[in-house]
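Engineer: Quick note, the sequences are listed as chains A and B, same order. Using this note's numbering, the first residue of the first sequence is number 1, and each one after it goes up by one. Using this note's numbering, the first residue of the second sequence is number 133, and each one after it goes up by one. Have a look at this one.
There are 2 protein chains.
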Amino acid sequence: MRGHVGARRRNTWQRAAVLQAISQAPCHITAEELHDRLRRTRPIGLATVYRALDAFVRDGVLEPAHVGDGKVRYGLAARHHDHLVCLHCGAWEALKACLVPRLPRRLAPGFKVTGHQVEVYGYCARCQAATA
Amino acid sequence: MRGHVGARRRNTWQRAAVLQAISQAPCHITAEELHDRLRRTRPIGLATVYRALDAFVRDGVLEPAHVGDGKVRYGLAARHHDHLVCLHCGAWEALKACLVPRLPRRLAPGFKVTGHQVEVYGYCARCQAATA
DNA sequence: CCTCAATATGATAATCGTTCTCGGATTGAA
DNA sequence: TTCAATCCGAGAACGATTATCATATTGAGG
Ligand SMILES: [Mn+2]
Ligand SMILES: [Mn+2]
Ligand SMILES: [Zn+2]
Ligand SMILES: [Zn+2]
Numbered sequence: 001m002r003g004h005v006g007a008r009r010r011n012t013w014q015r016a017a018v019l020q021a022i023s024q025a026p027c028h029i030t031a032e033e034l035h036d037r038l039r040r041t042r043p044i045g046l047a048t049v050y051r052a053l054d055a056f057v058r059d060g061v062l063e064p065a066h067v068g069d070g071k072v073r074y075g076l077a078a079r080h081h082d083h084l085v086c087l088h089c090g091a092w093e094a095l096k097a098c099l100v101p102r103l104p105r106r107l108a109p110g111f112k113v114t115g116h117q118v119e120v121y122g123y124c125a126r127c128q129a130a131t132a
Numbered sequence: 133m134r135g136h137v138g139a140r141r142r143n144t145w146q147r148a149a150v151l152q153a154i155s156q157a158p159c160h161i162t163a164e165e166l167h168d169r170l171r172r173t174r175p176i177g178l179a180t181v182y183r184a185l186d187a188f189v190r191d192g193v194l195e196p197a198h199v200g201d202g203k204v205r206y207g208l209a210a211r212h213h214d215h216l217v218c219l220h221c222g223a224w225e226a227l228k229a230c231l232v233p234r235l236p237r238r239l240a241p242g243f244k245v246t247g248h249q250v251e252v253y254g255y256c257a258r259c260q261a262a263t264a
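Pasting the structure below:
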């Protein structure tokens with residue numbers, strides 16, 4: 001056989017484009033948003049976007065964020081930040097700073113920590129006014 | 133009209149059963165797991181379980197948790213805790229203590245904080261061994 | 001205790017984000 | 001240049017959650 005080590009990762013313009021688009025986004029974005037933006041320049045498959053995102057998450061380059069609307073959002077791990085989420089209207093916004101700046105590398109025996117994500121729940125100003 | 137204030141919440145055995153089942157669970161559970169357990173005692177609709185969970189989250193009694201497998205899990209807000217999530221196999225486990233014990237009630241102007249959730253990402257012992 | 005308008009339930013269909021399939025295109029070590 | 005390992009793209013499949021809507025229940029007022 002030619003190559004025998006396996007599990008090598010190849011370089012494709014699709015993966016480079018995904019990473020570049022995410023690095024230009026101000027906050028976490030969904031796979032579909034990413035797909036729409038990338039398609040304006042060059043045709044690319046949605047499945048390819050999903051596969052690239054998964055690979056980057058496994059590599060520790062991207063971090064997923066869950067804001068509770070059923071969509072996973074992705075952002076650069078290097079620009080880590082957390083989010084506020086309104087339990088009433090679902091609106092969400094980025095927090096300026098990380099709430100857990102110093103995370104112990106080992107929280108449980110044998111578990112290797114690579115990142116984290118915090119969602120703070122509550123009610124936004126508008127929904128507080130509407131409920132009052 | 134008889135009643136005119138509106139938005140009153142009624143008491144049903146379904147909602148009581150949902151809350152009781154969750155309080156007996158050691159960690160966060162999904163709507164489907166809950167539905168399966170409750171059905172062993174008395175017939176109950178899955179949609180009803182989902183509605184009860186949403187209502188309790190809005191009331192601040194339950195907190196949702198996202199471990200990245202596409203399913204939302206629910207647990208008592210009074211027994212708040214965070215989770216470790218393996219990026220390779222998806223396994224997750226509860227952390228003993230909360231990583232953000234004192235959360236500022238106001239992180240952003242006008243936003244009322246009611247709770248939070250932390251997901252710590254990394255690789256479990258088994259997957260580290262498999263990847264090494 | 002009755003009434004009955006407001007709510008809740010449950011069976012099922014519909015939604016929709018994500019994953020899977022598979023034939024064809026790319027990549028890159030040798 | 002070769003070619004096996006990988007990756008891509010289009011579309012089907014999947015699965016968790018939500019929407020429908022006819023029927024049942026709740027509970028304040030009388
Ligand atoms: Mn963000
Ligand atoms: Mn838990
Ligand atoms: Zn809101
Ligand atoms: Zn693992």
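For glycine and all other residues, C-beta sits at the position ideal for the given N, C-alpha and C.
1) A:TRP92: buried (16+ other C-beta within 10 angstroms of its C-beta) or exposed?
2) Taking only three categories from DSSP, how would you classify A:ILE44?
3) From the DSSP output, read off the bridge partner residues of A:LYS112.
4) Which chain A residues sit within Cβ distance under 9 Å of B:GLU225?
5) Please list, following the chain, all residues that have a C-beta closer than 7 Å to any non-hydrogen atom of ligand 2.
6) Ordered along the chain, which non-local residues of its own chain (more than five positions away) have a Cβ less than 7 Å from that of A:GLN14?
7) Measure the CB-CB distance between A:ALA55 and A:LEU38 and report whether it falls below 8 Å.
8) Can you look up B:VAL204 in the DSSP assignment and give me helix, strand or coil?
9) With a CB to CB cut of under 6 Å and the five nearest residues on each side skipped, what residues in its chain are close to A:GLY122?
10) Short check: CB of A:ASP69 to CB of A:GLN117, under 8 Å?
11) Please list the terminal residues of the continuous alpha helix (DSSP H) segment that includes A:ALA21.
12) Just checking: is the beta-carbon of B:HIS198 within a distance shorter than 8 Å of some beta-carbon in chain A?
13) Count the CB pairs spanning the region 193-211 of chain B and the region 151-166 of chain B that are closer than 8 Å, and state whether there are at least three.
14) When every heavy atom of ligand 3 is checked, does at least one fall within less than 7 Å of the C-beta of A:ARG126?
15) Regarding A:HIS116 and ligand 4, is the C-beta to nearest heavy atom distance less than 7 Å?
Structural biologist: The relevant details are as follows:
1) As a first step, residue 92 of chain A is located in the first sequence; it is residue number 92 there, counting from the start. Buried, by the Cβ-count rule.
2) If you number the first sequence from 1, residue 44 of chain A lands on position 44. Residue state, collapsed to three classes: coil.
3) By one-based count along the first sequence, residue 112 of chain A stands at place 112. The partner list for A:LYS112 (beta bridge, DSSP) reads B:TYR255.
4) For the purposes of this step, residue 225 of chain B is identified with residue 93 of the second sequence, where counting begins at 1. Near B:GLU225 (Cβ distances below 9 Å), the residues of chain A are ALA108 and PHE111.
5) The set, ordered by position in the chain, is B:CYS159, B:HIS160, B:ALA197, B:ARG205, B:GLY207, B:HIS213, B:HIS215 and B:ALA226.
6) Along the first sequence, read from residue 1 onward, the residue named residue 14 of chain A stands at position 14. Residues ILE44, THR48 and ALA52 of the same chain have their beta carbon placed closer than 7 Å to that of A:GLN14, with the five preceding and five following residues left out of the count.
7) On the first sequence, residue 55 of chain A is found 55 positions in, with the first residue counted as 1. On the first sequence, residue 38 of chain A is found 38 positions in, with the first residue counted as 1. The beta carbons of A:ALA55 and A:LEU38 sit no closer together than 8 Å.
8) The sequence position of residue 204 of chain B within the second sequence is 72, counting from 1. Here B:VAL204 sits in strand by DSSP.
9) Along the first sequence, one-based indexing puts residue 122 of chain A at 122. Exclusion of the five residues before and after A:GLY122 leaves no residue of its chain whose Cβ lies closer than 6 Å to its Cβ.
10) The sequence position of residue 69 of chain A within the first sequence is 69, counting from 1. The sequence position of residue 117 of chain A within the first sequence is 117, counting from 1. No; because the gap between Cβ atoms is not below 8 Å, this pair is not in contact.
11) Here the question's residue 21 of chain A lines up with position 21 in the first sequence. A:ALA21 -> alpha helix (DSSP H) spans 13-24.
12) Counted from its first residue, the second sequence places residue 198 of chain B at position 66. Residue-level contact check: B:HIS198 touches chain A, since one or more beta carbons of chain A fall below 8 Å from its beta carbon.
13) With the rule of 3 Cβ pairs closer than 8 Å, the region 193-211 of chain B counts as touching the region 151-166 of chain B.
14) Position 126 of the first sequence, counted from the start, is the residue given in the question as residue 126 of chain A. Set against 7 Å, the gap from the CB of A:ARG126 to the closest heavy atom of ligand 3 is smaller.
15) Working through the first sequence from its first residue, we reach residue 116 of chain A at position 116. Answer for A:HIS116: no, Cβ out of range of ligand 4.
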